[in-house]
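Down below is the structure, laid out as structure tokens.
In this note's numbering, the protein residues as written are 52 to 343.
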């Protein structure tokens, strides 16, 4: 497996194309992706959406595991089990790189560290990813329970002005995230399957799911403060991927678990809209510095 073969496979993954990322270099220890600036990957003001960084971390870690294990993804299964992201600084209207390094390779598990860098190799984010590479398994059980809007007592959706505005903006709008509810520490957002968000196998790519978790967690935090010109960001994100979407549209449900001064810890569950299968779960640490 080399860069050319890697490009041959990943060049057919719609979500990588949607982001606009390209493979700059690849060997058995390190994979580097380049991402030029795009308005469609940004929030207002040209700031890179945290979901883009999370997506690049996921994609580059998969590639690094594939290179390290020297496997053909057409003949095996590459699964991200666990992903952590720490957001260190903003990238504003500028290109970034994702550098994935294999820390340890086991028989099936690879442990990958990913740095998201901007000019002069300054950190934007850092990720830690556990990837399983092995034969396709028929035994797939994900039964962590479910957290539906009805179970939280959400009978009617209230998106408010902010939810409606976000649905039309930048990265959130382009991915088709539909913020349905933001109230009293709870949030609900929808994402429909689209060709450009797929992983090449008819599923929503993990990075798109992580981006939805990031946004839904942030919305749960925003629902607890009065709207204003506040400073806000995601310091940290943790995601566990349970099972693929299998072509199903998904719903993300978020709720705030605790607030400490400017910090909000929010948990998010992602489920199939028809089946209520749990696709992924996540925790989002969000920070809102209230002005005035």
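Glycine included, C-beta positions come from ideal geometry on N, C-alpha and C.
In this text the structure is predicted, and so the values were computed from the model without any measurement.
DSSP three-state label for residue i, please.
i           : result
residue 222 : helix
residue 300 : coil
residue 250 : coil
residue 229 : strand
residue 65  : helix
residue 267 : helix
residue 183 : strand
residue 170 : helix
residue 58  : helix
residue 305 : strand
For residue i, which of the options has the nearest alpha-carbon?
i           : options               : result
residue 291 : 224, 220, 273 and 180 : 180
residue 113 : 130, 85 and 97        : 130
residue 218 : 91, 154, 84 and 134   : 91
residue 93  : 289, 321 and 221      : 221
residue 143 : 101, 153, 149 and 111 : 101
residue 61  : 228, 111, 321 and 79  : 111
residue 330 : 242, 213 and 210      : 242
residue 234 : 66, 200 and 79        : 200
residue 248 : 229, 238, 259 and 240 : 259
residue 278 : 212, 326, 267 and 298 : 212
residue 333 : 316, 314, 326 and 289 : 289
residue 122 : 160, 230, 65 and 267  : 160
residue 56  : 78, 214, 282 and 274  : 78
residue 285 : 59, 315 and 309       : 315
Go ahead and label residue i buried or exposed: buried means 16 or more other beta carbons lie within 10 angstroms of its beta carbon, across all protein chains shown.
i           : result
residue 145 : exposed
residue 339 : buried
residue 328 : buried
residue 69  : buried
residue 187 : exposed
residue 252 : exposed
For residue i and residue j, I'd like the C-alpha separation in whole angstroms.
i           : j           : result
residue 119 : residue 296 : 27 Å
residue 99  : residue 176 : 11 Å
residue 158 : residue 178 : 22 Å
residue 183 : residue 280 : 43 Å
residue 105 : residue 207 : 31 Å
residue 307 : residue 137 : 19 Å
residue 168 : residue 75  : 14 Å
residue 254 : residue 162 : 24 Å
residue 378 : residue 300 : Coverage of the chain is limited to positions 52 through 343, which leaves residue 378 absent and any answer about it impossible.
residue 312 : residue 305 : 20 Å
residue 108 : residue 342 : 32 Å
residue 298 : residue 80  : 33 Å
residue 164 : residue 132 : 14 Å
residue 232 : residue 324 : 15 Å
residue 126 : residue 246 : 23 Å
Determine whether the beta carbon atoms of residue i and residue j lie at a separation below 9 Å.
i           : j           : result
residue 257 : residue 335 : no
residue 135 : residue 303 : no
residue 166 : residue 153 : no
residue 88  : residue 97  : yes
residue 293 : residue 262 : no
residue 171 : residue 84  : no
residue 225 : residue 66  : no
Cβ of residue i within 8 Å of any heavy atom in the ligand NAD?
i           : result
residue 159 : What this structure holds is no ligand at all, so the ligand NAD is not there to describe.
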